[in-house]
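Colleague:
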Amino acid sequence: MSRDNWERLVVAVLRKEKDREIARAPSLDPSDVSSRPSFSESASAPSMDLSDVSSRVSFRSISSYVDSRSTLSSRHEHKPVSRPQVEQDPEAHLIGQPKRFSLRELQVATNNFSNKNILGRDGFGKVYKGQLADGSLVAVKRLKEERTQGEELQFQTEVEMFSMAVHRNLLQLRGFCMTPTERMLVYPYPYMANGSVASCLRERSESKPPLDWTIRRRIALGAARGLAYLHDHCDPKIIHHDVKAANILLDEDFEAVVGHFGLAKLMDYKDTHVTTAARGTIGHIAPEYLSTGKCSEKIDVFGYGVMLFELITGQRAFDRARLPNDDDVMLLDWVKKLLKQKKLETLVDANLQGNYIEEEMEQLIQMALLCTQSYPTERPKMSDVVRMLEGDGLAEKWDEWQKEEMLRQELNPIYHPNTGWAIPDPDSTSNV
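Reading the sequence shown from the start, the letters are residues 48 to 479 in my numbering.
If you want it as structure tokens, here you go:
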């Protein structure tokens, strides 16, 4: 994150923070700290409660973190000889503020990063199970040693974003470690016991059955709630920037958790967009971002829509080896062709074996189509997506969209639908 963006974050938090005196007290009573409304405070989401969200970050905790970042690079760690004492860090218990762990603490916690403690690994590094001096269990993600400048920036961004956003559908960060040679993120244990949505869809085994339809619907709603919190309940708002099935994680109860904030961006509420160099994952990048670099919360909506199609089809968003026709390497193109041919049964993941409710499947396809429209202004907000997934307004929104598309075709016979999706014939009874 640039210095200008970081200073803007500090100013915004200072302006909005009403309880920094409480945060400075030796003991912090969470009930005394004001928080933004949760979904339970609106009629559209009765299932969420106030514990799902946290208060804003205090200015003091942010300042402390800035200071710690400036001094960490000069600190050298030594091989541990005994279990260290936990530092009495007054900032460690502030809501939304991750604790800075020493390398020594995490070496002891993980038995010097023993292979026996490995929980898993991905393209960024390995995750180890650890036990801290206070007896609590953690998952320590040790990032690979060979880091590019971009990966270093992603690490710093991830820590900064985690310090701002706390919600049941966002990956929680307990702390981090930053030395001249090490970068680690510390999460509560158990750490996303069921891996990512992508791995559950495409890396199945006898011990790991395919996701059933009920779980897939719950994933869609949980991910939407997490993204809606980033967009509407953080100030400045947070744009995730890389929404895809691989970045939606699943806990032991298959609750969806949005993770991997390495590409995230901050955006003031007064701004309609910011312009950056296009970054992301092929097949998930919104067209306006790819062509102009304009970044808004609507690029997350587009990525979310593609993720819904991953849930529905079980397919990758981009897979040249899987599809026989080069025109179909993009999942959206493949979906478009099948919808035009009205082959719903071919579109749906075969691993569901027909065990789904057709009306619910059509509704999820409709939602994915609305989210992946080419024009960002015509995509719904994530808060609207949450509301519609909970049963309020999807049918009306879908009817409105169909009428608008048919009108455009009548006015311009050579009009190409802005989503690239086939518009049903007027006489067709299909809802998709």
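Just so you know, even glycine gets a beta-carbon here, dropped at the ideal spot from N, CA and C. Just so you know, these numbers come straight off a predicted model, no measurement behind them.
#1: Express the C-alpha separation of ASN159 and PRO423 in angstroms, rounding to a whole number.
#2: So, at 6 Å on beta carbons, what are the nonlocal neighbours of LEU296 in its own chain, with the 5 sequence-adjacent residues on each side left out?
#3: Could you have a look at ILE404 and say whether DSSP puts it in helix, strand or coil?
#4: Under a three-way DSSP split, which group does PHE160 fall into?
#5: Spatial neighbours of GLY269 within its chain, please: CB distance less than 7 Å, with the 5 preceding and 5 following residues excluded, ordered by chain position.
#6: For THR393, I'd like the list of residues in its chain whose CB is within less than 8 Å of its CB, leaving aside the five on either flank, ordered along the chain.
#7: Is it the case that the stretch 270–280 contacts the stretch 332–351, given that we only count it when at least three CB pairs across the two stretches are under 8 Å?
#8: What is the DSSP secondary structure of ILE295, counted as helix, strand or coil?
#9: Any idea which residues DSSP pairs MET225 with across the strands?
#10: Just to confirm the assignment, what range does the alpha helix (DSSP H) spanning CYS358 have?
#11: Within 10 angstroms of its Cβ, does LEU258 collect 16 or more other Cβ (buried), or is it exposed?
#12: According to DSSP, is SER243 helix, strand or coil?
#13: Around the Cβ of ASN402, are there at least 16 other Cβ atoms within 10 angstroms (buried) or fewer (exposed)?
#14: Based on Cα-Cα distance, which residue from VAL187, GLU407 and ASP431 lies nearest to ILE165?
#15: The beta strand (DSSP E) with LEU184 in it runs from where to where?
#16: Is the separation between the beta-carbon of LEU417 and that of PRO427 shorter than 8 Å?
#17: For PHE148, does the three-state DSSP call read helix, strand or coil?
#18: In angstroms with no decimal places, state the Cα-to-Cα distance between PRO145 and VAL233.
#19: Considering only DSSP beta bridges, list what TYR25 is partnered with.
#20: Could you compute how far the alpha carbon of HIS288 sits from the alpha carbon of ASP298?
#21: Alpha carbon to alpha carbon, what distance is there between GLN154 and GLN178?
#22: Kindly indicate which three-state DSSP category ILE332 falls into: helix, strand or coil?
#23: Classify GLN10: buried if its beta carbon has 16 or more other beta carbons within 10 angstroms, exposed otherwise.
#24: Give the DSSP bridge partners of TYR175, in chain order.
#25: Quick one, which of LYS387, LYS389, PHE365 and GLN413 has its alpha-carbon nearest LEU355's?
#26: What is the DSSP secondary structure of PHE365, counted as helix, strand or coil?
#27: Between GLU192 and LYS291, what straight-line distance do the alpha-carbon atoms span, to the nearest angstrom?
#28: Would you grab the beta carbon distance between ILE262 and MET208 for me? Rounded to a whole angstrom, and I think it's under 8 Å.
#29: Exposed or buried, which one is ARG168 when buried takes at least 16 other CB atoms within 10 Å?
#30: To which residues of the same chain is ALA333 closer than 6 Å at the C-beta, ignoring the five residues directly before and after it?
#31: For SER89, does the count of other Cβ atoms within 10 angstroms reach 16, so buried, or fall short, so exposed?
Modeller: From the atom records:
#1: 48 Å
#2: MET239, SER243, VAL304 and GLY306
#3: coil
#4: coil
#5: For GLY269, where only same-chain residues beyond five positions count, the Cβ hits under 7 Å are ASN216, GLU302 and ALA303.
#6: So the qualifying residues of the chain are LEU385.
#7: yes
#8: strand
#9: ARG230
#10: Checking the sequence shown, residue 358 turns out to be Leu, not Cys. Run containing LEU358: 344–360, per the alpha helix (DSSP H) assignment.
#11: buried
#12: If DSSP states are grouped into helix, strand and coil, SER243 belongs with the strands.
#13: ASN402 is exposed by the Cβ-count criterion.
#14: The shortest Cα separation from ILE165 among VAL187, GLU407 and ASP431 belongs to VAL187.
#15: 184–190
#16: yes
#17: coil
#18: Counting only the Cα atoms, VAL233 lies some 9 Å from PRO145.
#19: Because residue 25 is not part of the residues shown, which for the chain are 48 to 479, the question remains open.
#20: 22 Å
#21: 10 Å
#22: ILE332: coil per DSSP, three-state reduction.
#23: The requested residue 10 is not part of the displayed model; the chain covers only 48 to 479.
#24: ILE165 and VAL187
#25: GLN413
#26: strand
#27: 25 Å
#28: ILE262 to MET208, Cβ: 27 Å. No contact.
#29: exposed
#30: ILE346 and PHE349
#31: Because SER89 sits at a pLDDT of 32, beneath the cut-off of 50, its placement in the model cannot be relied upon, and the following sentence gives the value as read from the coordinates. Under this definition SER89 is an exposed residue.
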